[in-house]
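Engineer: Numbers in my numbering are just positions in the sequence shown, counted from 1, shifted up by 11.
Built from N, CA and C at the ideal position, the CB exists for glycine as well.
Starting off with a structure, shown below.
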Amino acid sequence: MGYPLAIVRTIGIVLTYIIFGLIGLGLSLIFFSSRESHYRGIIFFTRLWAQCSCFWLNIRISRIGEGTVSPGSLIVANHVGTPDIFVMGSCFPAFFVSKAEIGRWPFMSWLSRLGATIFVDRNRKQQVRATIDQIRQRIEARCSVVLFPEAQATDGTDILPFKSSHFEAAVQTDQPVVPVIIRYHDENNPSIACWYNINFLTHIIRLLKCPRLDVSVEVLPSFEEEKDRRVLARKSHEAIREKFLASIEK
């Protein structure tokens, strides 16, 4: 099933991206009565795009946990690979913070910008404040934002320390930080979802050839009313890492 399945999925995904790209272009040309209305229109179609992507890749999501996500939350999660975007986008109506390199990739750059992705260039420290301001504006508009504070994909065996800079947006807006754990349940080690020590093309081909990918998304209790971004980052990291490692040891 490998390559024939990959070809069918590629056609389906490309068509899906073209359709939603045109929808995004249309949204960018429509006059909205408020910035909030424009944001919600983008989020609605971004979530639908993510759900269609999960359909084509046969990603089966199980959402668990006692936490809740209210509008305007900063959602922080561990980062394994490209499927994280589709999984988190399917589960939560939210914007994404993404590395600046994606904003320079052909086609993906166009889609990301239509989806109002917030780009961060960690090599340019002077841009950190501008990125925080963008996150804050979305949160103030009662739109949630998804952040992967490890700042890189991993092999899925541990949780790297969190970068704390962008937690400042939650401090400034006095909005909750919601920790989320992404776990992939396949027999590969590392998971087929991992984009780690391989090039992007190999990573994507592996995903396209995978018959089915099961994933659980666990929402942990939120952290609120914390006035120190470093403390927020540390608490979020500890909460995610403790539960993540405990699940591996079982």
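In this structure, what does DSSP give as the bridge partners for V87?
Structural biologist: Beta-bridge pairing links V87 to L158, P190.
Engineer: So I129 and T184 are in contact, right, with Cβ under 8 Å, and what is the actual spacing, rounded?
Structural biologist: In fact, because the Cβ distance is near 15 Å, the residues do not count as touching under 8 Å.
Engineer: In the structure shown, what three-state DSSP assignment does A127 receive?
Structural biologist: Coil at A127, not helix or strand.
Engineer: Among the residues of its own chain, which have a CB less than 7 Å from the CB of I193, if the five just before and after it don't count?
Structural biologist: Only A88, N89, V91, D95, V98, V226, V228 meet the Cβ criterion.
Engineer: For Q62, which residues from the same chain have a beta carbon less than 7 Å from its beta carbon, with the 5 sequence-adjacent residues on both sides left out?
Structural biologist: Cβ neighbours of Q62 beyond the five flanking positions: S101.
Engineer: Looking at E235 and P187, is the spacing between their C-beta atoms short of 7 Å?
Structural biologist: In this structure, E235 lies closer than 7 Å to P187 by Cβ.
Engineer: Would you mind giving the Cβ-Cβ distance between S84 and S155, rounded to the nearest angstrom? I have them listed as a contact below 8 Å.
Structural biologist: Between S155 and S84 the Cβ distance is about 5 Å, and since that is below 8 Å, they are a contact.
Engineer: Looking at the secondary structure, which residues open and close the alpha helix (DSSP H) in which E47 lies?
Structural biologist: Its alpha helix (DSSP H) spans residues 46-68.
Engineer: From the DSSP output, in three-state form, read off E229 for me.
Structural biologist: Looking at E229 - three-state DSSP - the assignment turns out to be strand.
Engineer: Can you check whether the CB of V191 is closer than 7 Å to the CB of L158?
Structural biologist: The answer is no: Cβ separation not under 7 Å.
Engineer: Would you report the Cα separation of F178 and A162, rounded to the nearest angstrom?
Structural biologist: If I take the Cα positions, the gap works out to 13 Å.
Engineer: Can you check whether the CB of V242 is closer than 7 Å to the CB of G78?
Structural biologist: Against a cut-off of 7 Å, the Cβ pair of V242 and G78 comes out as no contact.
Engineer: Using three-state DSSP, classify I170 as helix, strand or coil.
Structural biologist: If DSSP states are grouped into helix, strand and coil, I170 belongs with coil.
Engineer: So what does DSSP say about Y14, is it helix, strand or coil?
Structural biologist: In this structure, Y14 counts as helix in the three-state DSSP scheme.
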